[in-house]
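Each protein sequence line maps, in turn, to chains A and B.
Count along the first sequence from 1, add 3, and you get the number used in the working numbering.
Count along the second sequence from 1, add 292, and you get the number used in the working numbering.
Taking it in order: structure first as structure tokens, then the write-up.
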Amino acid sequence: MNSLILTTSTRALFHTILLFSLFLLFAGHNDPGGGFVGGLVAGAALVLRAVAHGAEDVVRTARVRPEALLGGGLLLAAGTGAGALVLGGDFLESGYVEADVPLLGTVKVVSVLLFDIGVYLVVVGLVLALLVSLGRELDT
Amino acid sequence: MRALVPLPLVLPLVAAALTLVAHGRLRVQRAISLVALTATTAIAVALLALVERDGPAVVTIGGWARGIGIAYVADLLSALFLTVAMATVLCVLAFAVGQLRAVQESRYFHPLYLVLTAGVAGSFLSGDIFHLFVTFEVMLLASYVLLTQSGDDGQVRPAMTYVVVNLLSSTLFLTAVALLYGATGTLDMAALGDRVADLPPAVREALRLLFFLVFGIKAALFPLFFWLPDSYPTAPTSVTAVFAGLLTKVGVYAILRTQTVVFGVGDGSPDGFILVVAGATMLVGVLGAIAQDDVKRILSFHIVSQVGYMVFGIGLGTRAGLAATILFVVHHIPVKTALFLVGGLVEETTGSGALRRVGGLGRRMPAVAALFAPGALSLAGIPPFSGFFPKLALVQAGLAGGQYAIVAVSIVVSLFTLFSMTKIWAGVFWGDPEEPPPLARAREDGPLRPPRLMTAATVGLVAVTLGIAVSAGPLFDLALRAADPLLQAGAGR
């Protein structure tokens with residue numbers, strides 16, 4: 004597909020959507036959002052770009068293999084659970100640290116965030132894998 | 293010990309992640325799988341020993357209180373099944389590495405296989421019915437892909453039946469879980485027993501049948517077994533073998549757990565409905581097997597028939613009956629898998645598993661024949677092989693419960709089983725092939741040598757089955773003790 008309107012608006016939207024997906028990821032623990040939704044939104048951004056510029060373009064510019072994203076995400080998520088075991092807690096037990104950060108004020112970081120980032124990566128990796136294996140349709 | 297309980301689920305998952313990262317490097321993937329599954333097997337054995345000594349271990353995820361958090365329960369029953377299952381999974385992994393072409397193996401075989409293992413282990417350990425649904429799904433999703441991996445027509449069409457039937461039953465499963473939660477307000481299996489007992493009888497019975505239906509589809513009970521013999525034989529042997537050994541047995545485990553602990557079947561009185569289904573499953577499965585003329589298809593129908601035996605013990609509702617079922621599952625997982633692996637050896641070496649195309653292999657592959665014999669005799673229940681003991685226990689339990697009809701059916705089915713095993717024996721190892729398959733023809737009449745690693749894996753699994761036969765006495769005591777918690781739940785009403 005070659006549409007000037009689509010490619011121009013994609014250029015404006017792509018990074019905005021990615022940023023919003025990160026917002027959802029970090030808002031996740033106490034507010035609506037989380038790794039899964041964030042990952043889906045980021046995936047939607049990738050698909051939008053694939054529709055506008057072709058899947059080949061997305062896969063090339065991502066510069067990371069989907070397997071690595073899937074595996075790394077799963078590793079992070081499962082590792083969060085196993086890490087709690089290593090630290091003497093129960094499987095998937097979470098802990099948190101509070102810190103005063105300049106500009107942001109008091110920030111509370113929960114270990115579940117690591118789990119969420121893992122889920123985020125898995126979902127993005129899955130979308131990328133879909134684009135790699137099924138995306139040729141978009142390019143014709 | 294507490295830390296050990298979730299590990300059989302976590303370890304394969306972490307390993308699956310690592311094999312994904314190592315995508316494209318087969319040797320690394322193999323090493324990761326092998327190490328992870330060996331460790332998981334060791335952990336399962338350790339869990340069994342610890343549970344045997346100290347009693348059941350309960351861990352709730354995230355350190356939440358029980359009832360709020362999801363519980364992982366390792367009791368004798370789950371630890372026993374877990375140990376057998378993990379040992380089997382490990383042997384089949386070795387077989388698969390020997391069998392699969394590099395192309396097949398690099399197509400995500402290792403991550404999928406490990407995820408499947410995690411799902412199986414999670415199902416055995418889950419103490420929460422919704423978590424059971426999730427682990428079931430993990431297992432099934434991996435199985436969908438493993439089944440259709442090669443992507444050719446002959447595989448995708450039967451696999452579609454498999455996928456559709458399982459998706460349907462998963463939807464029903466989820467519905468049933470939602471209804472159960474709506475009626476009782478909890479999904480923790482330990483708490484469910486009491487709450488379900490307080491429900492009106494009609495609601496209780498409806499829920500019980502719904503769960504029986506759901507797990508009946510997964511366990512391939514009559515009349516819901518049709519998807520199994522159609523889809524299983526089309527996959528590579530290593531995949532079929534692990535499906536045959538494990539997937540339906542996870543369904544049986546779920547029936548065993550939910551019907552007793554949640555719905556109070558194990559209260560000493562027989563359940564006529566379950567017994568009728570069990571009888572029909574045994575009979576129809578074995579009749580189907582007799583009508584087939586391909587090794588893997590015969591063996592697939594036998595899965596159905598054997599599942600009937602397991603459910604028979606549940607239907608008796610007595611301690612002896614449940615213990616016989618447990619022993620039957622413990623014997624069945626390695627034996628069935630070993631038989632499929634032997635079928636795979638035949639196919640791999642000769643190029644075909646059709647009875648009329650192979651023949652006379654007893655002379656050309658004596659080692660393979662020797663590996664087939666104990667499994668086949670065991671499946672038919674001939675002493676002193678492992679299948680004899682659970683069948684004996686079942687018959688005794690049936691007679692003690694006064695269920696003569698079903699005992700008679702089970703004995704007749706045993707005879708038919710023996711008959712169809714001799715059919716494989718005569719077709720594969722004796723006589724001459726009518727139309728020799730390509731590979732065997734190429735080497736004329738000399739001895740055929742199956743790949744070494746595959747043979748070693750099969751030998752390992754056959755050794756496990758012989759070990760079960762030798763230690764049948766202590767194992768049955770263990771099974772009796774494993775059945776106790778199931779009965780206590782039922783004795784309350």
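Backbone N, C-alpha and C fix where the C-beta goes; we use that ideal spot for every residue, glycine too.
Source: prediction; values computed, not measured.
7 Å CB neighbourhood of Ala307 (chain B) in its chain, flanking five on each side removed: Within the second sequence, residue 307 (chain B) is the residue found at index 15, counting from 1. Contacts found: Ile324, Ser325, Ala328, Leu406.
Inter-stretch contact at 8 Å, needing at least 3 Cβ pairs: the region 76-87 of chain A / the region 102-122 of chain A: Result yes; three or more Cβ-Cβ pairs closer than 8 Å.
Identified DSSP bridge partners for Val112 (chain A): Position 109 of the first sequence holds residue 112 (chain A). When beta bridges are read from the DSSP output, Val112 (chain A) appears opposite A:Val100.
Beta-carbon spacing of Phe465 (chain B), Arg500 (chain B) below 8 Å: Translated into the one-based positions of the second sequence, residue 465 (chain B) becomes position 173. Translated into the one-based positions of the second sequence, residue 500 (chain B) becomes position 208. No, Cβ-Cβ distance for Phe465 (chain B) and Arg500 (chain B) is not below 8 Å.
Contacting positions in the region 95-108 of chain A - beta carbon closer than 8 Å to chain B: Those residues of the region 95-108 of chain A that come within reach of chain B (Cβ to Cβ, closer than 8 Å) are Leu95, Glu96, Ser97.
Buried or exposed (CB count within 10 angstroms, at least 16 for buried), Val62 (chain A): Translated into the one-based positions of the first sequence, residue 62 (chain A) becomes position 59. Result: buried.
Nonlocal neighbours in the same chain, by C-beta distance under 6 Å from Phe620 (chain B), ignoring five residues either side: For the purposes of this step, residue 620 (chain B) is taken as residue 328 along the second sequence, with counting starting at 1. Counting only Cβ-Cβ distances below 6 Å, and skipping sequence neighbours, we find Tyr601, Met602, Pro682.
Chain B within 8 Å of Leu116 (chain A), Cβ atoms only: As a position in the first sequence, residue 116 (chain A) is number 113, starting the count at 1. For Leu116 (chain A), the nearest beta carbon of chain B is not closer than 8 Å to its own beta carbon.
Assigned exposure category for Ser6 (chain A) - 16 Cβ within 10 Å defines buried: What you label residue 6 (chain A) is simply residue 3 of the first sequence in a count that begins at 1. Exposed, by the Cβ-count rule.
8 Å Cβ cutoff met for Ser530 (chain B) and Phe664 (chain B): Position 238 of the second sequence holds residue 530 (chain B). Position 372 of the second sequence holds residue 664 (chain B). Their beta carbons are not under 8 Å apart, which means Ser530 (chain B) does not touch Phe664 (chain B) by this criterion.
Selection from B:Ala630, B:Thr757, B:Gly613 that minimises the alpha carbon distance to Pro675 (chain B): Here residue 675 (chain B) refers to the residue found at position 383 when the second sequence is read from its first residue. Measuring C-alpha to C-alpha distances from Pro675 (chain B) to each of B:Ala630, B:Thr757, B:Gly613 identifies B:Thr757 as the nearest.
Residues near Gly723 (chain B) by beta carbon distance below 8 Å, same chain, minus five either side: Locating residue 723 (chain B) in the second sequence gives position 431, where the first residue counts as 1. The answer, listed in chain order, is Gly651, Gly652.
Close-in-space but distant-in-sequence residues of the same chain around Ala775 (chain B) (CB under 7 Å, 5 per side omitted): One-based indexing of the second sequence puts residue 775 (chain B) at position 483. Non-local C-beta neighbours of Ala775 (chain B) in its own chain, meaning closer than 7 Å and more than five positions away in sequence, comprise Arg611, Leu614, Ala615, Ile618, ordered along the chain.
Contact under 8 Å by Cβ, Gly635 (chain B) with Lys588 (chain B): The residue labelled residue 635 (chain B) in the question sits at position 343 within the second sequence. The residue labelled residue 588 (chain B) in the question sits at position 296 within the second sequence. A contact, by the Cβ cut-off of 8 Å.
Where Ser418 (chain B) falls: helix, strand or coil (DSSP): Along the second sequence, read from residue 1 onward, the residue named residue 418 (chain B) stands at position 126. DSSP places Ser418 (chain B) in strand when its eight states are reduced to three.
Of the listed residues B:Leu608, B:His623, B:Gln584, nearest to Gln598 (chain B) (C-alpha basis): One-based indexing of the second sequence puts residue 598 (chain B) at position 306. When C-alpha distances from Gln598 (chain B) are compared across B:Leu608, B:His623, B:Gln584, the shortest belongs to B:His623.
Exposure of Pro521 (chain B), with buried meaning 16 or more beta-carbon neighbours within 10 Å: Position 229 of the second sequence, counted from the start, is the residue given in the question as residue 521 (chain B). Buried: at least 16 other Cβ atoms inside 10 Å.
Minimum Cβ-Cβ distance from Leu619 (chain B) to chain A less than 8 Å: In the second sequence, the residue the question calls residue 619 (chain B) occupies position 327. Closer than 8 Å: no.
Residues near Thr311 (chain B) by beta carbon distance below 6 Å, same chain, minus five either side: Working through the second sequence from its first residue, we reach residue 311 (chain B) at position 19. Listed in chain order, the non-local C-beta contacts of Thr311 (chain B) below 6 Å within the same chain comprise Gln321, Ile324, His402, Pro403, local neighbours out to five positions each way being set aside.
Three-way DSSP call (helix, strand, coil) for Gly636 (chain B) in this model: In the second sequence, the residue the question calls residue 636 (chain B) occupies position 344. Helix.
Touching by the beta-carbon criterion (3+ pairs, under 8 Å), the region 475-488 of chain B and the region 558-572 of chain B: Too few Cβ pairs lie closer than 8 Å, so no.
Closer than 8 Å to chain A by CB, Gly419 (chain B): Translated into positions along the second sequence, residue 419 (chain B) becomes position 127. With 8 Å as the cut-off, Gly419 (chain B) does not count as an interface residue toward chain A.
Where Gly782 (chain B) falls: helix, strand or coil (DSSP): On the second sequence, position 490 is the one that residue 782 (chain B) refers to. Note that Gly782 (chain B) scores a pLDDT of 45, beneath 50, so its modelled location is shaky and nothing firm can be said.
Candidates B:Cys383, B:Asp585, B:Leu439, of which the one nearest Ser712 (chain B) by Cα: Here residue 712 (chain B) corresponds to residue number 420 of the second sequence, with the count starting at 1. Answer by Cα proximity: B:Asp585.
Contact belief for Asp93 (chain A) with Gly443 (chain B) at Cβ below 8 Å, rounded distance in angstroms: As a first step, residue 93 (chain A) must be located in the first sequence, where it is residue number 90. As a first step, residue 443 (chain B) must be located in the second sequence, where it is residue number 151. Asp93 (chain A) to Gly443 (chain B), Cβ: 42 Å. No contact.
Val587 (chain B) - DSSP class collapsed to helix/strand/coil: Position 295 of the second sequence, counted from the start, is the residue given in the question as residue 587 (chain B). Three-state DSSP puts Val587 (chain B) in a helix.
Assigned exposure category for Asp235 (chain B) - 16 Cβ within 10 Å defines buried: Nothing about residue 235 (chain B) can be reported from this structure: the residues present for chain B run from 293 to 785 only.
Assigned secondary structure, Val350 (chain B) (DSSP; H/G/I helix, E/B strand, else coil): Locating residue 350 (chain B) in the second sequence gives position 58, counting from the first residue. Residue state, collapsed to three classes: strand.
Close-in-space but distant-in-sequence residues of the same chain around Val594 (chain B) (CB under 6 Å, 5 per side omitted): To locate residue 594 (chain B), count along the second sequence from 1; it is residue 302. The question names Val, but residue 594 (chain B) is His in the sequence shown. Same-chain partners within the cutoff: Ala581.
Given Val54 (chain A) as reference, the closest of A:Arg14, A:Gly31, A:Ser114 once Cα atoms are compared: Position 51 of the first sequence, counted from the start, is the residue given in the question as residue 54 (chain A). Checked all of A:Arg14, A:Gly31, A:Ser114; the closest Cα to Val54 (chain A) is A:Arg14.
CB of Leu648 (chain B) within 8 Å of CB of Pro725 (chain B), strictly: Here residue 648 (chain B) corresponds to residue number 356 of the second sequence, with the count starting at 1. Here residue 725 (chain B) corresponds to residue number 433 of the second sequence, with the count starting at 1. Sequence check: residue 648 (chain B) is Arg here, not Leu. Yes, the pair counts as a contact, with Cβ atoms nearer than the cut-off.
Inter-stretch contact at 8 Å, needing at least 3 Cβ pairs: the region 95-112 of chain A / the region 39-47 of chain A: Segments in contact, no.
CB of Ala672 (chain B) within 8 Å of CB of Leu710 (chain B), strictly: The residue you call residue 672 (chain B) lines up with position 380 of the second sequence. The residue you call residue 710 (chain B) lines up with position 418 of the second sequence. Result yes, Cβ atoms of Ala672 (chain B) and Leu710 (chain B) sit closer than 8 Å.
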